[in-house]
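In what follows, a single structure is set out as structure tokens and then discussed.
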Amino acid sequence: MTKKRDTIRIQNESFYDPMAVTWTEKYDKEISAVWNHVPERIAKFLATVAVFVLGVSINGDWIAVCVHLARQFGFYQNIHASSNSSISWTGLSLESLKLNNLWSFWWPSCVISYGMYFIIGGFIQWYYYVRQRETPEEWKCQPQKWLTPELEKNEIFWGSTTLFMNATISSILSCYIYNGGYSSVYYNFSEFGWLWFFLQFPIIFLYQDYSTYWLHRIYHWPFLYKNFHKLHHRYKQPTAFSVTAIHPVESLHIQLFLSAPLFLIPCHWLPFYCVTFYAYYHGIIDHSGVSFKSYWWQPWQPDAIFHDNHHQYFHVNFAFNISYWDKLHGTYRRKDRIYNEELFYGTGKSVDTASSNELKTDLEERMLENPLAYRAEMPYKLTKKEIKRLKKSN
Numbered sequence: 001m002t003k004k005r006d007t008i009r010i011q012n013e014s015f016y017d018p019m020a021v022t023w024t025e026k027y028d029k030e031i032s033a034v035w036n037h038v039p040e041r042i043a044k045f046l047a048t049v050a051v052f053v054l055g056v057s058i059n060g061d062w063i064a065v066c067v068h069l070a071r072q073f074g075f076y077q078n079i080h081a082s083s084n085s086s087i088s089w090t091g092l093s094l095e096s097l098k099l100n101n102l103w104s105f106w107w108p109s110c111v112i113s114y115g116m117y118f119i120i121g122g123f124i125q126w127y128y129y130v131r132q133r134e135t136p137e138e139w140k141c142q143p144q145k146w147l148t149p150e151l152e153k154n155e156i157f158w159g160s161t162t163l164f165m166n167a168t169i170s171s172i173l174s175c176y177i178y179n180g181g182y183s184s185v186y187y188n189f190s191e192f193g194w195l196w197f198f199l200q201f202p203i204i205f206l207y208q209d210y211s212t213y214w215l216h217r218i219y220h221w222p223f224l225y226k227n228f229h230k231l232h233h234r235y236k237q238p239t240a241f242s243v244t245a246i247h248p249v250e251s252l253h254i255q256l257f258l259s260a261p262l263f264l265i266p267c268h269w270l271p272f273y274c275v276t277f278y279a280y281y282h283g284i285i286d287h288s289g290v291s292f293k294s295y296w297w298q299p300w301q302p303d304a305i306f307h308d309n310h311h312q313y314f315h316v317n318f319a320f321n322i323s324y325w326d327k328l329h330g331t332y333r334r335k336d337r338i339y340n341e342e343l344f345y346g347t348g349k350s351v352d353t354a355s356s357n358e359l360k361t362d363l364e365e366r367m368l369e370n371p372l373a374y375r376a377e378m379p380y381k382l383t384k385k386e387i388k389r390l391k392k393s394n
């Protein structure tokens with residue numbers, strides 16, 4: 001245990017803050033004593049599993065999978081709403097809305113979501129931000145910059161607030177489908193043919209990713225950014241907790257768009273949730289602040305630094321799992337342009353038209369990027385010679 005890590009631990013033993021994951025720092029010695037006996041390969045595997053479990057659980061979609069499994073195997077017919085579950089209000093009731101026993105869906109969704117958010121999220125925070133704090137240049141996208149303690153707490157506060165809404169919406173949708181409410185979900189694998197079953201994977205993936213590209217980009221228009229999405233961009237050096245630290249209105253908008261295939265096209269639940277969980281997993285990866293690289297079998301998937309750039313430079317790199325959308329629409333980050341919070345619409349400003357202060361600030365930001373986060377060393381680094389050439393050519 002180093003002096004710096006001891007200092008962090010001692011500082012956090014003196015108080016309890018429900019909006020900070022201080023338990024990982026307070027019990028660093030105990031966690032490390034156990035973790036140091038775990039073989040490195042297994043440790044990395046467990047960290048990956050932790051990210052996946054967090055992605056699956058924090059929005060409450062795990063309960064939807066349980067519902068679809070129950071319907072797949074016919075178990076849902078064994079549970080019926082009790083007569084006192086009807087709550088009337090101006091002629092409506094939970095029964096008429098296909099929300100029988102909503103409470104039985106809502107509380108597990110919230111409890112599991114919050115439990116995973118703080119326990120698994122806290123573990124991921126410890127694994128990188130406590131355990132490896134002294135060597136950020138080996139793993140962090142922006143190794144010289146960290147969120148302040150105030151911003152960390154703010155991030156967890158908003159993450160927890162939006163998490164409540166996400167878990168509630170998931171429980172409502174799950175309860176509605178469980179009770180036979182309308183959806184276009186089917187359960188016989190071959191009902192619409194095996195070709196359509198397998199085509200759903202790329203079709204749903206493309207739909208979700210392209211729609212979130214545009215939703216995300218629209219929320220970067222001046223009015224929506226300043227009133228809603230700016231909250232998420234307080235975290236210029238994001239962590240895994242940033243993934244749900246967004247405005248509840250925006251989160252609702254996104255969740256409804258992502259769920260649309262369940263009600264609009266013949267959709268088997270298995271392809272839908274495989275794609276959805278893939279997106280959630282990479283949502284945590286992309287917001288982790290850790291320089292994760294995509295695997296060889298993911299040629300479409302940008303590395304984590306791609307979205308970290310988005311947080312660092314604000315209005316650029318709007319895509320999530322397919323960076324081609326940015327290349328297609330001219331919002332992919334370019335070496336010869338500068339970006340900051342005041343330059344909207346994703347195209348930035350050319351180096352030759354930037355003021356000296358704008359250029360200075362942008363160059364300083366570039367130096368904060370970790371060369372190891374890229375596959376090519378510092379692809380956005382601009383030398384004085386290159387700047388002079390760019391200004392001359394324009």
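Numbering (the UniProt record's numbering), first residue to last: 1 to 394. Even glycine gets a Cβ: it sits at the ideal position worked out from N, Cα and C.
- In the DSSP assignment, Met378 falls outside any alpha helix (DSSP H) and carries neither an H nor an E.
- A buried status is given to Tyr332, since no fewer than 16 other beta-carbon atoms sit within 10 Å of its beta-carbon.
- By the 16-neighbour rule on beta-carbons within 10 angstroms, His37 is exposed.
- DSSP places Ile246 outside both helix and strand once states are collapsed to three, so it counts as coil.
- Distance between Phe241 and Ala50, taken at the CA atoms: about 13 angstroms.
- Taken through DSSP and simplified to helix, strand or coil, Cys141 comes out as coil.
- Annotation: the continuous alpha helix (DSSP H) that includes Ser211 extends over Trp194 to Ile218.
- Per DSSP, Trp35 is one residue of the alpha helix (DSSP H) stretching across Asp28 to Trp35.
- Ser350 has Arg337 as its beta-bridge partners, per DSSP.
- A contact between stretches requires three or more CB pairs, one per stretch, nearer than 8 angstroms, and the region 56 to 67 meets this requirement with the region 174 to 190.
- Distance from Val67 to Tyr178 at the Cβ level is roughly 5 angstroms; contact confirmed, criterion being Cβ atoms closer than 8 angstroms.
- For Ser104, the enclosing alpha helix (DSSP H) starts and ends at Leu102 to Gln125.
- In this structure, the alpha-carbon of Glu250 lies about 36 angstroms from that of Trp194.
- For Ile58, no alpha helix (DSSP H) run applies, since DSSP gives it neither H nor E.
- Cβ contact annotation for Leu46 (same chain, cutoff 8 angstroms, sequence separation greater than five): Val38, in chain order.
- Between Cys141 and Ala319, the C-beta gap is not smaller than 8 angstroms, which leaves the two residues out of contact.
- Its chain contains Tyr273 as the residues whose beta carbon lies nearer than 7 angstroms to that of Val65, once the 5 sequence neighbours on both sides are disregarded; these appear in chain order.
- Residues of the same chain with a CB within less than 8 angstroms of the CB of Thr239, apart from the 5 flanking positions on each side, are Gln125, Tyr129, Leu147, Glu152, Glu155, His287, Ser288 and Gly289 in chain order.
- Around the Cβ of Ile42, a 10 Å sphere holds fewer than 16 other Cβ atoms; the residue is exposed.
- In the structure shown, the three-state DSSP call for Tyr186 is strand.
- Per DSSP, the continuous alpha helix (DSSP H) segment holding Glu152 begins and ends at Pro149 to Tyr178.
- No Cβ-Cβ contact shorter than 8 angstroms links Tyr210 with Trp106.
- DSSP, reduced to helix, strand and coil, places His282 within a helical segment of the structure shown.
- By the C-beta density criterion, Met367 is exposed, having fewer than 16 other C-beta atoms within 10 angstroms.
- Excluding residues up to 5 positions away in sequence, Tyr339 lie with their Cβ nearer than 6 angstroms to the Cβ of Tyr313 in the same chain.
- Beta-bridge annotation (DSSP): His229 is not paired with any residue.
- In the three-state reduction of the DSSP assignment, Leu224 falls in the helix class.
- Here the alpha carbon of Ala167 sits roughly 51 angstroms from the alpha carbon of Lys384.
- Excluding residues up to 5 positions away in sequence, Pro271 lie with their Cβ nearer than 6 angstroms to the Cβ of Gln200 in the same chain.
- Secondary structure note for Ile387: its alpha helix (DSSP H) is the uninterrupted segment Lys384 to Ser393.
- DSSP places Val38 in the coil class of the three-state scheme, outside both helix and strand.
- Using a 10 angstroms sphere on the CB of Phe75, the tally of other CB atoms stays under 16, which defines it as exposed.
- By the CB criterion at 8 angstroms, His315 and His220 fall inside the cutoff.
- Nearest to Ser170 by alpha-carbon distance, out of Phe123, Trp296, Met378 and Leu99, is Leu99.
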